[in-house]
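Student: This is the structure I have questions about; it appears just below.
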Amino acid sequence: MKMYKETQTVEKYLNVPLECDCGRTHYAPIKAIKIEKGALRALPDYVKGMGYKKPYILCDSITYGIAGEKCESLLREAGISSSVLILKHLNYDEATLGEIVLNKPDDCDLMIACGTGQITDILRFSSYKLNLPCFTIPTAAPMDGFSASVGIMNVNNLKATMPAHSTEVIIGDTEILKNAPFRMTLAGFGDLIAKLNALNDWRLDVLVNNHHYCKNIDNMVNDYVYDILGKVEKLEDRDPQTIGDVMNALLLTGASISLYGSSRPISGAEHHMSHYWEVLGEQTGKQFAMHGEQAAVGTVLALRIVEMIRERNIDFSRAREEAPKFDYEVWKSNIRRTYGNAADTIIDLEERSQKNATEGRLRRINSIEEKWPEIIALLNKVYPSEEIRGILQRLGCPADPKDIGITCGILKDTLMVCKETRARYTILQMAWDLSILDEVSDQLIDELKTKGRI
Numbered sequence: 003m004k005m006y007k008e009t010q011t012v013e014k015y016l017n018v019p020l021e022c023d024c025g026r027t028h029y030a031p032i033k034a035i036k037i038e039k040g041a042l043r044a045l046p047d048y049v050k051g052m053g054y055k056k057p058y059i060l061c062d063s064i065t066y067g068i069a070g071e072k073c074e075s076l077l078r079e080a081g082i083s084s085s086v087l088i089l090k091h092l093n094y095d096e097a098t099l100g101e102i103v104l105n106k107p108d109d110c111d112l113m114i115a116c117g118t119g120q121i122t123d124i125l126r127f128s129s130y131k132l133n134l135p136c137f138t139i140p141t142a143a144p145m146d147g148f149s150a151s152v153g154i155m156n157v158n159n160l161k162a163t164m165p166a167h168s169t170e171v172i173i174g175d176t177e178i179l180k181n182a183p184f185r186m187t188l189a190g191f192g193d194l195i196a197k198l199n200a201l202n203d204w205r206l207d208v209l210v211n212n213h214h215y216c217k218n219i220d221n222m223v224n225d226y227v228y229d230i231l232g233k234v235e236k237l238e239d240r241d242p243q244t245i246g247d248v249m250n251a252l253l254l255t256g257a258s259i260s261l262y263g264s265s266r267p268i269s270g271a272e273h274h275m276s277h278y279w280e281v282l283g284e285q286t287g288k289q290f291a292m293h294g295e296q297a298a299v300g301t302v303l304a305l306r307i308v309e310m311i312r313e314r315n316i317d318f319s320r321a322r323e324e325a326p327k328f329d330y331e332v333w334k335s336n337i338r339r340t341y342g343n344a345a346d347t348i349i350d351l352e353e354r355s356q357k358n359a360t361e362g363r364l365r366r367i368n369s370i371e372e373k374w375p376e377i378i379a380l381l382n383k384v385y386p387s388e389e390i391r392g393i394l395q396r397l398g399c400p401a402d403p404k405d406i407g408i409t410c411g412i413l414k415d416t417l418m419v420c421k422e423t424r425a426r427y428t429i430l431q432m433a434w435d436l437s438i439l440d441e442v443s444d445q446l447i448d449e450l451k452t453k454g455r456i
């Protein structure tokens, strides 16, 4: 079947190979998504219909009361015996994985997670490692990972993207979703608007590095984000249908990871900022904010950096002169200072990817200069940072660094080193290539201080 030229409902992209003119066949192996009032009642039918007999349900102490207990009851009434694990290790790291494995019944043939981001991430990873299928029961809509084909968990004190598989069935009962803390829905909205910068970073990568690109995936993600941006007033009123629309948009953008084969379309500099703040949070024992909230703040910052760069006169000769001055040992020392006990993972990534090596940097500088008119045309199309900030503030979602406890010092480190979390080209990597990242970050921080936003 051919990949759609026009954006479709999320169901149209599921469990069917889509041959695309980008040269790839897109495939999301999710078999069913049901987002509606009373959807949870369909769980036994999906379990029986797919031939499963012994589900293993993962919850925490809160989500068990919200949905886990109901799932257990519905399955029991349908004659299906299930086992429930209420997780006690909530760092979602190696210890959590061990708890899941140690408590897994020998005869279980299906894993089901009731919860949000971290529970469903570790479900996809653990079920993948255990060679078991999985279902997901979202209890709120705070992020896009429910339909992803990767799992994010803490490994060696760093948020790591782990190989995983997609969930087979996602059941979102709007009666449950509408009763979730509105902050969680707003976090989901924040994760959605983050795609505005992520898509721009992807397009920038294609221009500079000539990497693979799919216009149809780009349009699909972009259309879903703009659809939700057009429903801000209804979201502000906490309309259940609109909350369901947010969930559907999150599921579609999350499924784009499977469809494209990586998170390139939906994760850019704004996510790198969030990941870095999560590293700091792990080491200090203080979480700055929910992932989607952090991504929202990162989006406003990244879009403002785009605006600052397009207003500058770039000295390409200076950039080429500065490139060979990169001191790897100084860089490593700074990584150890800023990443703490997660530094070895970052250093290992650099040694494998060589993303900061002089030869590659000089090649990119030449490419940027050659394509500068096209790059400026791209940067001129980004959504205005102040408009996004205004929408976030209107809804009550964090929009400024001060809203989530980010200080000037933390933000300076963030802007200088968060790009090291992934070997992925973004607006921050381009600013570094052009030897203006230090100046732009100082300019941004000064502006934020003047306006009382940090």
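Numbers 3 to 456, taken from my numbering, label the letters of the sequence shown in order. Glycine included, C-beta positions come from ideal geometry on N, C-alpha and C. Keep in mind that this is a model prediction, so the values were computed, not measured.
Taking Asp2 as the reference, which of Arg424, Thr340, Ser75 has the closest Cα?
Tutor: Any property of residue 2 remains undetermined from this structure, which presents the chain solely from 3 to 456.
Student: Closest by CA to Asp95, which one among Asp415, Leu125, Gln243, Ser258?
Tutor: It is Leu125.
Student: For the alpha helix (DSSP H) containing Gly505, list its first residue and its last residue.
Tutor: Any property of residue 505 remains undetermined from this structure, which presents the chain solely from 3 to 456.
Student: Quick one: Cα of Lys4 to Cα of Asn336, how far?
Tutor: Roughly 48 Å separates the two Cα atoms.
Student: Roughly how far, in whole angstroms, is the beta-carbon of Lys298 from the beta-carbon of Ala196, given that I think they are within contact range, below 8 Å?
Tutor: A quick correction: the sequence has Ala, not Lys, at residue 298. Yes, Ala298 and Ala196 are in contact; Cβ-Cβ is about 7 Å, under 8 Å.
Student: With DSSP as the reference, identify every bridge partner of Tyr58, one or two as the case may be.
Tutor: Paired residue(s): Ser85, Met113.
Student: Given a cut-off of 8 Å, decide if Asn199 and Leu132 are closer than it, judged by their beta-carbon atoms.
Tutor: Not a contact, by the Cβ cut-off of 8 Å.
Student: Among Gly283, Arg312, Ser269, which one has its Cα closest to the Cα of Gly300?
Tutor: Comparing Cα-Cα distances from Gly300 to each of Gly283, Arg312, Ser269, the minimum goes to Ser269.
Student: Please confirm whether Val227 and Lys33 have their CB atoms less than 8 Å apart.
Tutor: No, the pair does not count as a contact, with Cβ atoms beyond the cut-off.
Student: Spatial neighbours of Met310 within its chain, please: C-beta separation below 8 Å, excluding the five flanking residues on both sides.
Tutor: Contacts found: Val442, Gln445, Leu446.
Student: Suppose you measure from the CA of Ala115 to the CA of Asn343; what does that come to, to the nearest Å?
Tutor: Answer to the nearest angstrom: the Cα atoms are 30 Å apart.
Student: State yes or no: is the C-beta of Phe328 within less than 8 Å of the C-beta of Asn358?
Tutor: Yes.
Student: Taking the alpha-carbon positions, what's the Glu372 to Ser265 distance?
Tutor: C-alpha separation (whole angstroms): 28 Å.
Student: In terms of alpha-carbon separation, which member of Met113, Glu8, Met186, Leu134 lies closest to Cys399?
Tutor: Among Met113, Glu8, Met186, Leu134, the Cα nearest to that of Cys399 belongs to Met186.
Student: State yes or no: is the C-beta of Pro242 within less than 8 Å of the C-beta of Lys180?
Tutor: Against a cut-off of 8 Å, the Cβ pair of Lys180 and Pro242 comes out as a contact.
Student: Quick one: Cα of Glu466 to Cα of Lys106, how far?
Tutor: Coverage of the chain is limited to positions 3 through 456, which leaves residue 466 absent and any answer about it impossible.
Student: For chain D, find out if any of its Cβ atoms is closer than 8 Å to the Cβ of Leu351; answer yes or no.
Tutor: Of the chains in the structure shown, none is chain D; there is only one protein chain.
Student: Per DSSP, which one or two residues make a beta bridge with Leu16?
Tutor: BP columns for Leu16 point to Ala30.
Student: Would you check if the region 217-226 and the region 276-294 touch, i.e. whether three or more CB-CB distances between them fall below 8 Å?
Tutor: Not touching, per the Cβ criterion.
Student: Below 8 Å on the Cβ atoms is my guess for Cys110 versus Lys50; work out the distance and round it to an integer in Å.
Tutor: Contact doesn't hold; Cβ gap of about 16 Å is too wide.
Student: May I ask which residues mark the beginning and end of the beta strand (DSSP E) holding Val171?
Tutor: Taken as a continuous stretch (DSSP letters only), the beta strand (DSSP E) holding Val171 covers 171-175.
Student: Which partner residues does Pro140 have in the DSSP bridge list?
Tutor: Paired residues: Gly117.
Student: So, using beta-carbon positions, are Leu16 and His28 closer together than 8 Å?
Tutor: Not closer than 8 Å, so no.
Student: Which residue's Cα is closest to the Cα of Gln285: Ala44, Gly67, Asn93?
Tutor: Among Ala44, Gly67, Asn93, the Cα nearest to that of Gln285 belongs to Asn93.
Student: Looking at the structure shown, is Lys4 part of a helix, part of a strand, or coil, going by DSSP?
Tutor: Residue state, collapsed to three classes: strand.
Student: Can you tell me whether Ile456 is helix, strand or coil according to DSSP?
Tutor: Coil, per DSSP.
Student: Give every residue of the same chain whose Cβ lies closer than 8 Å to the Cβ of Asp62, excluding the five residues on either side of it in the sequence, and list them in chain order.
Tutor: Hits under 8 Å: Ile88, Leu89, Leu92, Gly117, Ile121.
Student: Span of the alpha helix (DSSP H) holding Ser335?
Tutor: It spans 330-341 - the alpha helix (DSSP H) in which Ser335 sits, taken as one unbroken run.
Student: Between Tyr458 and Thr244, what straight-line distance do the alpha-carbon atoms span, to the nearest angstrom?
Tutor: Nothing about residue 458 can be reported from this structure: the residues present for the chain run from 3 to 456 only.
Student: Could you spell out where the alpha helix (DSSP H) holding Gly73 opens and where it closes?
Tutor: One point to set straight first is that residue 73 is Cys, not Gly, in the sequence displayed. Run containing Cys73: 71-79, per the alpha helix (DSSP H) assignment.
Student: Taking the continuous alpha helix (DSSP H) assigned at His293, which residues delimit it?
Tutor: Taken as a continuous stretch (DSSP letters only), the alpha helix (DSSP H) holding His293 covers 293-312.
Student: Counting C-beta neighbours from all protein chains within 10 Å, is the total for Glu281 16 or more, i.e. buried, or is it exposed?
Tutor: Before going further, note that residue 281 is Val rather than Glu in the sequence given. Buried, because 16 or more other Cβ atoms sit within 10 Å of the Cβ of Val281.
Student: Alpha carbon to alpha carbon, how far is Ala182 from Pro144? Give it in angstroms, no decimals.
Tutor: Distance between the alpha carbons of Pro144 and Ala182 is about 10 Å.
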